[in-house]
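K.L.:
Starting off with a structure, shown below.
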Amino acid sequence: MPITIASILNLMGPDMMVILLIVLLLFGAKKLPELARGMGQAVKEFGAARDAVDRGLSQSGPNGVAPSKLLDAKSELPSAR
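If you count by this note's numbering, then the sequence shown holds residues 553 to 633, one letter each, in order.
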């Protein structure tokens with residue numbers, strides 16, 4: 553089940569209808585498509601930023617250092633033998 557704003561705020565059908573009615577009264581019918589477009593774009597950008605952070609975390613090792621850099625640094629150390 554996808555996570556939506558309504559599920560996070562635990563809003564049901566009647567609650568959402570009241571909120572939509574208030575938004576309609578505040579902004580008017582002509583502004584609703586523009587408002588919805590802006591909200592959709594904001595959600596899309598937030599998702600892209602979240603994915604970028606997830607990729608960055610999965611590509612980093614301990615202390616934020618990439619695993620390949622750790623191996624390179626280990627190979628540069630003189631052996632203790």
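Cβ atoms here follow ideal geometry from the backbone N, Cα and C, with glycine treated the same way.
Is LEU584 closer than 8 Å to LEU576 when the C-beta atoms are compared?
P.N.:
In the sequence shown, the residue the question calls residue 576 occupies position 24. In the sequence shown, the residue the question calls residue 584 occupies position 32. It is a contact, given that the beta carbons lie within the stated cut-off.
K.L.:
In whole angstroms, what is the alpha-carbon distance linking ASN562 and SER610?
P.N.:
Stepping through the sequence shown from its first residue, residue 562 is reached at position 10. Stepping through the sequence shown from its first residue, residue 610 is reached at position 58. For ASN562 and SER610, the distance between alpha carbons rounds to 31 Å.
K.L.:
Using DSSP with H/G/I as helix, E/B as strand and the rest coil, what is GLY580?
P.N.:
Here residue 580 is taken as the residue at index 28 of the sequence shown, counted from 1. Residue state, collapsed to three classes: coil.
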